[in-house]
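Report on one structure; see the data block that follows.
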Amino acid sequence: MASIAYIAASGNRFSHCADSSDSLIAFGTSILVGLWPIDWRLVFKIQAHAKALSALAVYKDTVVTSASDSLVKVWKLSQTDNGNGLFLLVDIVKYGLTAAGPVLQEQQTLSYGKRYALALALACLPSEVPIDVLAVGGTDNSVHLWVRSDDSAFRQFVRSATLTGHEDWIRCLDFQQFSPDQPLVLASGSQDGNVRLWNIEPFENVVKPAISELNDDLLDAFEASLNELGEGEEGGKQISLKKHVLTAKASQRTLQFSVTFDALLIGHEAGLTSLHWRPKTSDESTPTLLSTSTDSSLILWMPSSVGNSATQEGSSIWINYQRFGDVGGQRLGGFIGGIWADGGSEALAWGWSGGWRRWRCNRATNRQDESWHELGAITGHSGPVKGIDWSLSGNYLISTGLDQTTRIHGRIPGSSTSETGHWHELGRPQVHGYDLLDAVFITDLKFASIADEKVVRVFEAPRSFVETLETLRVSKFSEAEVIRVRPSKAESSTDLSPQQARPAGASVPPLGLSNKAVGEGTSQALAVAELDRSRRPFEGELAASTLWPEIEKIFGHGYESISLAVSNSRGFIATACKATSAEHATVRIYDTQNYRLFGEPLAGHVLTVTRIAFSPDDKLILTVSRDRTWRLFELKDGAGFVPVAADKSHARIIWDCAWAPGGKIFATASRDKTVKIWKRKSANANTSWECIETIKTMEAATAVAFSPSTERHRLAIGQENGTIITITTNPGADDGWKTEFTVDSKLAHVGQIHQLSWRPTKDGANSTQLASCSEDVESDETNSSMNREGKVQNYSKRCGTTTPYRGYTAQI
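Here the numbering used here is used: the first residue of the sequence shown is 58, the next is one more, and so on.
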């Protein structure tokens, strides 16, 4: 069986798509719900909807989700006897119906005509009887207050007041009452970059006429008598201090509440995305408001004096007492949303790229004396993961995705022998302007990548990456590895130590696509030098300070690249591009010593080549294509690779191919729901191959990978629905294939698997980890398992037992 060792996931680009309870954080990641317990390991995910989640709320053990598929779902989180979590679907709500009958029923529809509601907040008014108040903000730049009492005759929400003042769409709302004898405070945030606070409290000494005497004229006259205008100015406009009146009928009485504008919080430089009051604790009563913005800042607001807070009579002065995030980060998309966690001890935010940032408070007797420091959080691709590859040592993994990033994941060993360590994202060597499709390691410190462009780019690790991995004990490099393979003339003419031979880091010029090495003494080099290498990089550092310099560009194809492979000796790389004719459906081989074309392009296919694979001895190249054929090319002295065999047994596109250790057999995976195993008819002839086994799959087979184990053949198969199966033979045999185990969507992916990669081992030992990448924006690592779109999971397997790892990698 398989178990999850590591999941890397990102948050969706919706500001209401995450929430927290006392023990966990739940958030939407693509079409999945991720559960992030308070020990800060992403340990569980489940497919919740058919389309991307857009909103999520948590209350104790209940999670409510909604998505672009127009459904609302209610889930319950429970524990099994063995301590594992179960995420159980309780109800599905669709317009006009509910799957569970009496569990949830539609009570009322609030219509806004041509305007859209963007934010909601629900609370109880400060009264002895339960009276609900619903705040709705939207595209009309106003906050609408709806009131519903407990009177059976008035169970419908009635619009009672409209709060104006914001100059742009209302994006976020939140209520809080700090004690029973204090006002209910509503915070509203807008795209105008400002936060407004409103106090809601009962009227005192208000004559309560009998219900029979109450009429609209009387209410209008009463409200008109309370109108006031402030003398301050906001951008040339007067700030209204009008007291709005809320009226509710309950228990044969009429209750009235005043709504007064209390404070204007100015500090963000762009639109607000979320607002949340700090959870109340028994030892803390000072109100604190968290706000996030597209200017990449998270601000904590509090009254300047506890004795003069919003909970006291009169207006208060609110100050920005903590500010986190980046300066000038608006160009990166800023923060999409933020939440409190761990009872208000931690503040979290996630950005446009989906990565989370996390700050923890060191409590103090006086809130003003609190200190905050940043901690690590989960990260992951924010788009489908298209390619994965292990380093030659097997100590870390590279992944590429349609979010235009390349990421490196590795396991940081525990501080003691009893700790297995944790998987984390350790670097983001390439942040590109095109969708990235694949990457392969040429050495442990050099890789090549392709994107939706005609160029192959080669990158070499900077000194900062080498120092980080050695400090964290992820990997150890020899002196020969640390010295750059091709130092520039300027470097070779000076007396440099091995550590100095590599550049400090890299940066991307404005409007550029190529990472440039940064020299000593530059501002970029100083920023890299200041990184704390005793811990893993945080999201802000990953995005800004872990780039690798680009050392080579390889041209040759007439259309955008589509597939990439590297030989086992790392002497050659092979590339193919999109093609609709035989002229462009070729494979180009390059020598990694000089990056020049080796031999003639390999012709034969008539449509796009979808995968390229070198045989274990690098004497054969196997290619598969959309034209439903596979072709074999053999290395000839002085002639490069020449065609020797071909076959068209598959009925649909062939997605993937893989060689078994020893090079005697290979496998092809096709959309026709079959995986075929091929073997030489003659031991010394590469021109004739026969299909010795056809494995039928439940869904289209989209990825295959042989384990490096030489004891027996073990083949992992990824399918279009995200499941992974492994099949094996008897020891030393090429036939007798049988299913070993299946990793379904509960552990693996829920979208098409694009690639599988077994962790390298020494001397043909049994590989225990399999990485996979998929269309569901997740990558995973497991024992004999694979990676997902946007998330990373890790699975491990040894002799029938499983060992979990934690961290972020493409699925393993």
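Each residue gets a CB set at the ideal place from its N, CA and C atoms; glycine is no exception.
Practice task
State the CB to CB distance for the pair Trp815 and Leu804, rounded to an integer number of angstroms; the pair is presumed to be in contact (CB under 8 Å).
Solution key: Actually they do not touch by this definition, with Cβ atoms about 17 Å apart.
Handout entry: With 16 other Cβ atoms within 10 Å as the buried cut-off, status of Gly222
Key = buried
Handout entry: Exposed unless 16 or more other CB atoms sit within 10 angstroms - verdict on Ser77
Key = buried
Practice task
Please work out which residues of its chain come closer than 6 Å, Cβ to Cβ, to Ala717, disregarding the five sequence neighbours upstream and downstream, and give them in chain order.
Solution key: Phe763, His770
Exercise for the section: Please work out which residues of its chain come closer than 6 Å, Cβ to Cβ, to Ser448, disregarding the five sequence neighbours upstream and downstream, and give them in chain order. Expected result: Phe498, Asp501
Exercise for the section: Could you tell me how far apart the beta carbons of Ala622 and Ala670 are, in whole angstroms, since I believe they sit closer than 8 Å? Expected result: 6 Å
Exercise for the section: Indicate whether Leu659 and Val681 have their beta-carbon atoms separated by less than 8 Å. Expected result: no
Problem - Terminal residues of the beta strand (DSSP E) in which Phe381 lies - result: 375-382
Practice task
Could you tell me the distance, in whole angstroms, from the CA atom of Gly793 to the CA atom of Leu570?
Solution key: 50 Å
Handout entry: Short Cβ contact (8 Å threshold) for Pro560 with Phe516
Key = no
Handout entry: Assumed close pair Leu182, Ile188 - CB separation to whole angstroms, cut-off 8 Å
Key = 4 Å
Problem - Neighbourhood of Ala278 by C-beta distance below 8 Å, restricted to the same chain and skipping five residues each side - result: Confidence is the limiting factor: at Ala278 the pLDDT is only 46, short of 50, which leaves the residue's position unreliable and the question unanswerable from this model.
Exercise for the section: Check whether the segment 309-327 touches the segment 235-253, taking contact to mean three or more Cβ pairs, one atom from each stretch, closer than 8 Å. Expected result: yes
Handout entry: Inter-residue Cα distance where the pair is Gly395 and Asn778
Key = 32 Å
Exercise for the section: Give a yes or no on whether the C-beta atoms belonging to Asn377 and Ile356 are separated by under 8 Å. Expected result: yes
Practice task
Locate the beta strand (DSSP E) running through Gly194, then write down its first and last residues.
Solution key: 189-195
Problem - Minimum length 4: unbroken alpha helix (DSSP H) runs contained in the segment 573-606 - result: 580-586, 596-602
Problem - Pick from Lys171, Asp126, Val90 that is closest to Lys133, judged by C-alpha positions - result: Val90
Problem - Ile88 vs Asp833 beta-carbon contact at 8 Å - result: yes
Problem - Buried or exposed (CB count within 10 angstroms, at least 16 for buried), Asn651 - result: exposed
Practice task
Work out the CA separation of His479 and Trp409 for me, nearest whole Å.
Solution key: 25 Å
Practice task
Taking all protein chains shown into account, decide if Thr875 is buried (16 or more other Cβ within 10 angstroms of its Cβ) or exposed.
Solution key: With the chain covering 58 to 869 only, the question about residue 875 has no answer from this structure.
Handout entry: Buried/exposed call for Pro733, threshold 16 Cβ in 10 Å
Key = Looking at the sequence shown, residue 733 is not Pro but Lys. Answer is buried; the Cβ neighbour count reaches 16.
Practice task
Would you list, in sequence order, the uninterrupted beta strand (DSSP E) runs of no fewer than 3 residues that lie entirely inside the segment 721-795?
Solution key: 722-727, 731-737, 746-753, 758-763, 771-776, 781-785
Practice task
Return the chain-ordered list of same chain residues with a C-beta closer than 8 Å to the C-beta of Asp118, the five sequence neighbours on each side being excluded.
Solution key: Ser78, Lys133, Leu134, Ser135
Problem - Under the three-state DSSP convention, the category Glu224 falls into - result: coil
Practice task
Taking Ala244 and Trp334 to be in contact with their CB atoms under 8 Å, please state how far apart those CB atoms are, rounded to whole angstroms.
Solution key: 7 Å
Handout entry: Cα-Cα separation between Gly246 and Glu326, rounded to whole angstroms
Key = 13 Å
Exercise for the section: Go ahead and pull the three-state DSSP assignment for Gly451. Expected result: coil
Practice task
Use the C-beta contact count for Met755: other C-beta atoms within 10 angstroms, 16 or more gives buried, fewer gives exposed.
Solution key: exposed
Handout entry: Distance CB(Cys229)-CB(Leu329) smaller than 8 Å
Key = yes
Handout entry: His418 - partner residues in DSSP beta bridges
Key = Reading off the sequence shown, one finds Cys at residue 418, where the question assumed His. Answer is Trp429.
Practice task
Give the straight-line distance between the Cα atoms of Asp589 and Phe798, rounded to the nearest whole angstrom.
Solution key: 42 Å
Problem - Per DSSP, cross-strand counterpart(s) of Phe798 - result: Thr783
Problem - Thr637 versus Gly576 - alpha carbon distance - result: 44 Å
Practice task
Can you say whether Leu467 is buried or exposed, counting buried as having 16 or more other CB atoms within 10 angstroms of its CB?
Solution key: Leu is not the amino acid found at residue 467; the sequence shown has Gly there. Buried.
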